[in-house]
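Everything in the sequence shown is counted per full-length UniProt numbering, starting at 1 for the first residue and increasing by one.
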Amino acid sequence: MKIKLAQDEYCSKAEQGLWHTLGGPFPEDLRWEMLVEVLRGRVKISTHCYEVVDLDAMVRLSNEFQFSIATLHHASEAWLIPKVLKRMWGGIPSIALFATNYRYKREAYRGSEFAARVLADEGIPVIMKSDHPVINSRYLMYEAQQAHYFGLPPHLALASVTSTPAIAAGLSHRIGILMEGSDADVVLWDSHPLRLGATPVNVWIDGILQIPVPPKTGEENHIEVGKGKEGDEWRQVPETPNWDKERDNAIKWDGLPPLEGRKIEGKVAFINVKEILRKSENGLIAHSFNSISEDMAMGSVVVMDGVITCAGVCNNTDLRESSRIVDVQGGSIAPGLMTYGSPLGLGEIAGEASTTDGETYDAFKRDVPKILDDTGAIVRAVDALMFGTRDSLTAYRAGVTLATSSLAKPIYMAGPDAHIIAGLSTSFRTGSLHAMQRGAIVQDIAALHVVIGKSHPEKRRVSVSTQIAGLRRLLYGWESQDKETGFWFRKAAEGVVPLVIEVDSADIMASLLILKTDVEDNIGSRMRMVFSGAAESHLLAKEIGKLPGPPLSNDTALVKLVEQGVVVGLGIRGAWEARNTRFDAEWAALESNGRISKNQAYALVSNNLEKLLGIRGIDDETTDLVVYEGGSMFDLSSKVIGVISPGRKLVDLL
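What follows is the structure in structure tokens.
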């Protein structure tokens, strides 16, 4: 500020012709040159800022020194203080935020899926952002789709990834708009851009066609996009649920509303049910109620202590005796989904060590304490379970009723701290409040997990050859079965429990498959080896190149694996992602251009995961059933309003 004032005084004297009073050269300092330009309004500011206390500080500083801020990035708590943001000097800033990526560290703990709508209602410009590679920038439109699902009006959702960021960057005269004189960057979508799975058919940059990729000389381009989206409804803005109650509740509780449902034992009735989907070995069996009679479009479902006692035409006595009657408005009832791959239930805030399980011992790096008396220091994830975490409960409220979690950390996330022997995973119900609640722990031990990979760039890791040598020794049974390590690796070698290996490299996977054959020949068993992560697994399904999927290729890695008869499940990395499981499954089906059915998509996040991870006893009689209001689990128009839990003998109304 001192330099700016000195410059202003210098220029004022010069303009008045008072050259003799200047007293030296123009006052400047390269260290503060940029800040002086900020104070003059010639440079736009984008500030990375999360919490209320810091956002408030930025507003106060802007007024004290009279400079404006164009954009506040991440800004997970901005939605809690819209009136404060409006006091920013020079005008209201734009807020660039995520749709659902929150709670991964303390600063982001009070972020909300309703933030975009709350800010928009206050007249504050909203920008949906990626954070590549945390959120792949290729799927930026998905952030706008989620924001729309949770209440952001469609025109603002589209603007949040087009015109609004262009305005904030001061480039709206060129980009983010379709008008004469602007840059000729245009996308033609196969469906409305706010529909889940919307895919570009054509992309022009500077007026030159980029997608589909022009074929090489002598080749033809046969990329297929939009199959199965021929109906007019795909061109329309998707209908979304009403979230007014949930949004008001989130504001009332300063971003931390209660997430537990109302647990009801006894008789509960659901009316205006369009269909029930039941679980089978091959996926789902649908039972539509309009097939009951010609004049009956909707049915009723009566539940007693978590068990369906009537479905379809239920007598009036059952309805009158119900403690609650719930109108699902043409919705459906379907088996709950399962999530795998994240530390869901093993910590509250991933970035805050005091809220997680803590550090475990890596037997490849240091000696294991004598008190463990176990070479590999195998731990059980069930001992670290934390029930009632916000990520678990948000997943539960999104229809994800089952989770299988391990302490395995992929190398690219954990770096040099990724442990090779990661221990035993566990399976639990996401809606349970403690381990001793009936049905809370579905299976205390599911699978044995290890992490195999090359050195992290920040620090040398144990060599791949050493990792596989250790794995070979353990699987051959050279460690005493009197200890945890010997016992569980023997069980894995015999195929009693799955051996889940966190690995991405095709070369390492090939070596592991050879090791699997050797072990089976050596002890006469059939191992259940599962690759998790498995970024290059499609290379082993068939000799093919990269498979980015439409509009760049007809195949995705998932499609190719499924077509080769490989059992595949969908997983996640961050606990916050568990809530989006049904969207992930739907996306997989849509991106396959009709080659993956809804039944197969459901299996990717249920039956297949159970098979791969060794989860037993989850059948039609014990599966939690999720109640969707206004549609099915694959519809953006629906939302979860309840869970029917035969294992816990109750109905949870959300």
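Where a beta carbon is used, it is the ideal one built from N, C-alpha and C, also for glycine.
Residue range of the beta strand (DSSP E) that includes Q443: 441-443
Find the nearest neighbour of C314 within the set I325, E479, V497, judged by alpha-carbon distance. I325
Reduced DSSP category for P25 - H, G, I as helix; E, B as strand; rest coil: coil
For residue 657 versus A166, is the C-beta spacing smaller than 8 Å? As shown, the chain starts at 1 and ends at 654. That puts residue 657 outside it, with no answer to give.
Taking the straight line between their C-alpha atoms, what separation do you get for S465 and D507? 12 Å
Enclosing alpha helix (DSSP H) for F583 [first to last residue]: 581-591
Close Cβ partners of D327 (< 7 Å) along its chain, the five nearest in sequence each way excluded: I271, N272
Start and end of the alpha helix (DSSP H) containing M88? It is not in any alpha helix (DSSP H) - M88 carries neither H nor E in the DSSP assignment.
Could you compute how far the alpha carbon of I223 sits from the alpha carbon of N136? 22 Å
What number of angstroms, rounded off, separates the C-alpha of M1 from the C-alpha of I92? 23 Å
When you compare the CB positions of G151 and K44, do they come within less than 8 Å of one another, or not? no
Mapping the DSSP letters down to three states, classify G545 as helix, strand or coil. With a pLDDT of 34 at G545, under the threshold of 50, the predicted position of this residue should be treated as unreliable, though the coordinate-derived value follows. Coil at G545, not helix or strand.
Shorter than 7 Å, the distance from the beta carbon of P93 to the closest heavy atom of the ligand NAP, or not? The ligand NAP is not part of the structure shown, which contains no ligands of any sort.
Here's a check: name, in chain order, each residue in its chain whose Cβ is nearer than 8 Å to the Cβ of A75, leaving out the five neighbours to either side. C49, Y50, L55, I95, A96, L97
Return the CA-CA distance between K252 and K83, expressed in angstroms with no decimal places. 15 Å
For the putative contact between A381 and L424, defined by C-beta atoms under 8 Å, what is the C-beta separation to the nearest angstrom? 6 Å
Please list the segments of the beta strand (DSSP E) lying wholly inside the stretch 491-515, counting only runs of 3 or more residues, in order along the chain. 499-503
Looking only at C-alpha atoms, which of L474, E15, E484, N316 sits nearest to A371? Note that residue 371 is Ile in the sequence shown, not Ala. When each option's Cα is compared against that of I371, the closest is E484.
Taking the Cβ atom as the reference point for each residue, do V519 and M527 lie within a distance shorter than 8 Å? yes
How would you call Y139, buried or exposed, if buried means at least 16 neighbouring beta carbons within 10 angstroms? exposed
What residues are listed by DSSP as bridge partners for S94? T71
For the stretch 226-242 and the stretch 581-597, state whether three or more C-beta atom pairs, one from each stretch, are separated by less than 8 Å. yes
For G376, which of R366, V53, E28, A384 has the nearest alpha-carbon? R366
T623 vs K279 beta-carbon contact at 8 Å: yes
Nearest neighbour of L609, chosen from T355, S405, L385, E64 [CA to CA]: S405
Through-space distance from V59 to T47, alpha-carbon basis: 11 Å
Would you mind working out which of D244, A6, E275, D190 sits nearest R235, comparing C-alpha positions? D190
Contact under 8 Å by Cβ, L344 with A384: no
Rounded separation between R195 and T309 - CA only: 37 Å
Whole angstroms are fine: how far does the CA of T360 sit from the CA of S354? 14 Å
If distances are taken between C-alpha atoms only, which option among G336, Q66, T71 comes closest to A603? G336
Going by the CB atoms, is the gap between L625 and I264 shorter than 8 Å? no
When D362, D373, M338, Y476 are compared against A398, the one with the closest alpha-carbon: M338
Within 10 angstroms of its Cβ, does W478 collect 16 or more other Cβ (buried), or is it exposed? exposed
What did DSSP end up calling R429 once you bin it into helix, strand or coil? strand
For T162, tell me which candidate among Y149, V186, G181 has the shortest Cα-Cα distance. V186
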